[in-house]
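Remarks on the structure that follows.
Structure, rendered in structure tokens:
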């Protein structure tokens, strides 16, 4: 997504802007998007082969996955618009196949900003119905005082589904399944059955405290339930792609789940005792986890605040 320095600088600016008029919030959002796009234009796309025809693509935005083959290429998430030329080049180098489908794991712009350019390159866009609904209307991420305008028509999903969708392409079955509200209310997972690869979008941050977008229906309990649903699908040898962070497996997802559950319980107990959000954070309920999880996008106190508000 963003570097920690970039994220903290931008988040501080946006939080300070939260009391401004809506037109100013849109201006702040434009600044954030512009900065992210500028950074993405210079970050190379790293390609890692996970299976004969399935690859992990990593750049400035959320982690992507690519399936190649004669039935058509399938890309999961589109990063930032300025990264699309590099993404298309990486896709071409990865293997043959015509353009087929772009799948969005959820609506956030570090996973969907490249939608319009990928659509122009010949890809239809498939996502959960809530993703289209959110992209087609202005959205607010209150945690950062951030308001975003509706996405352009060319960036909107051209096909949507409700609870699940199934694709049979390139000698594999892809199962797309919607989570109940977790990171957002738009989250899905994509499971490549034969390749034994599971893309979890931002319901899994490998190695960092996750951002949970309460403005889009996200909750700490929903994240934990999504992890439990994913753990039931994954096997001991399943390769698991997080929305952010390095490639994971079932063991690393279990550690993430257990960390979330433990912090949820600690914060819930503090809240039940009548402590305010600030007082709960001062108790350092994440102290036992900060060395492992607290060096990413969100600092411990910010994460505690999200848990407190959504528990």
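Residue numbers (this note's numbering): 1268 to 1578. Note that the Cβ used here is the ideal one computed from N, Cα and C, for glycine as well. Bear in mind that the values here come from a model prediction, so they are computed numbers and not experimental data.
Can you check DSSP and say which residues form a bridge with residue i?
i	result
residue 1440	1435
residue 1313	1325
Mind checking residue i: buried by the 16 CB within 10 Å criterion, or exposed?
i	result
residue 1433	exposed
residue 1577	buried
residue 1414	buried
residue 1422	buried
residue 1546	exposed
residue 1429	exposed
residue 1448	buried
residue 1363	exposed
residue 1313	exposed
residue 1383	buried
residue 1564	buried
residue 1475	buried
residue 1348	buried
residue 1328	buried
residue 1489	buried
residue 1344	buried
residue 1374	buried
residue 1525	exposed
residue 1419	exposed
residue 1303	buried
residue 1560	buried
residue 1485	buried
residue 1301	exposed
residue 1316	exposed
residue 1440	exposed
residue 1365	exposed
residue 1325	buried
residue 1320	buried
residue 1567	buried
residue 1337	exposed
What are the start and end residues of the alpha helix (DSSP H) that includes residue i?
i	result
residue 1521	1517 to 1539
residue 1577	1567 to 1577
Along the chain, where does the beta strand (DSSP E) that runs through residue i open and close?
i	result
residue 1553	Where residue 1553 is concerned, there is no enclosing beta strand (DSSP E), given that its DSSP letter is neither H nor E.
Assuming residue i contacts residue j under a Cβ cut-off of 8 Å, what Cβ separation, rounded to an integer in Å, is found between them?
i	j	result
residue 1372	residue 1454	7 Å
residue 1471	residue 1509	4 Å
residue 1522	residue 1552	That pair is no contact at about 18 Å.
residue 1507	residue 1527	At roughly 15 Å, the Cβ-Cβ gap does not stay under 8 Å, so residue 1507 and residue 1527 are not in contact.
residue 1255	residue 1307	Because the chain in this structure spans residues 1268 to 1578, residue 1255 falls outside the shown range and cannot be described.
residue 1353	residue 1311	7 Å
residue 1445	residue 1431	7 Å
residue 1333	residue 1299	At roughly 27 Å, the Cβ-Cβ gap does not stay under 8 Å, so residue 1333 and residue 1299 are not in contact.
Is the shortest distance between the beta-carbon of residue i and the beta-carbons of chain B less than 9 Å?
i	result
residue 1411	The displayed structure is made up of one protein chain only, and chain B is not part of it.
Complete alpha helix (DSSP H) runs within the region 1359 to 1397 (minimum length 4 residues, chain order): Runs of the alpha helix (DSSP H) inside the region 1359 to 1397: 1376 to 1379, 1382 to 1387.
3 or more residues per run - each beta strand (DSSP E) lying fully within the region 1320 to 1350: 1321 to 1325, 1331 to 1334, 1340 to 1343
Length at least 3, wholly inside the region 1440 to 1514: the beta strand (DSSP E) runs in chain order: Fully enclosed beta strand (DSSP E) runs of 3 or longer: 1455 to 1459, 1464 to 1466, 1506 to 1508.
Contiguous beta strand (DSSP E) assignments of at least 3 residues, all confined to the region 1406 to 1436: 1406 to 1408, 1413 to 1415, 1426 to 1428, 1431 to 1436
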